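Accompanying notes for the structure given below.
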Amino acid sequence: MEYTGQDNRRARTRRFQKHSRRLFVLTRRCILKQISLYKRPMNPDQMEEIKRHFGVVAESLRSDLRQIAEGHATIRHELQDLRGEFRNEFKEMRALMRLSFS
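Listed below in structure tokens is the structure:
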């Protein structure tokens with residue numbers, strides 16, 4: 001019996017469907033497990049620990065944003081200085097060209 005291209009496609013389709021069903025089932029189990037973790041009531045100690053953790057994360061993000069803002073301000077200042085230098089050099093160049101062509 002000789003296999004045709006259509007038979008190969010069917011076999012690949014069946015394998016894909018089998019794997020996708022398996023992946024769906026595993027994903028569903030994982031999601032349901034995660035949801036069940038959140039269904040349990042938390043005691044006050046766990047809530048305070050989570051609050052502290054998010055406080056630390058928020059403070060870390062604030063400091064990172066502050067550093068980015070400072071770096072941005074520094075770069076802007078340097079660019080303004082460079083623009084001023086270029087502007088002055090172009091003025092000098094124009095003056096020299098006017099002088100040489102007049």
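The opening position of the sequence shown corresponds to residue 1 in our numbering, with each subsequent residue numbered one higher.
Even for Gly, the Cβ is constructed at its ideal location relative to N, Cα and C.
For clarity, every value in this text was computed on a predicted model and none was experimentally measured.
Inset, instruction - Hey, could you find the ends of the alpha helix (DSSP H) S102 is sitting in? - result: Residue mapping note: residue 102 aligns to position 102 of the sequence shown, counting from 1. In this chain, S102 is not harboured by any alpha helix (DSSP H), its DSSP state being neither H nor E.
Inset, instruction - Quick one: using the 10 Å Cβ neighbour count with 16 as the cut-off for buried, is F24 buried or exposed? - result: Working through the sequence shown from its first residue, we reach residue 24 at position 24. Sixteen is the threshold: since fewer than 16 other Cβ atoms of the shown chains lie within 10 Å of the Cβ of F24, the residue is exposed.
Legend entry - Which of helix, strand or coil DSSP assigns to P41: Along the sequence shown, one-based indexing puts residue 41 at 41. P41 falls in the coil class under three-state DSSP.
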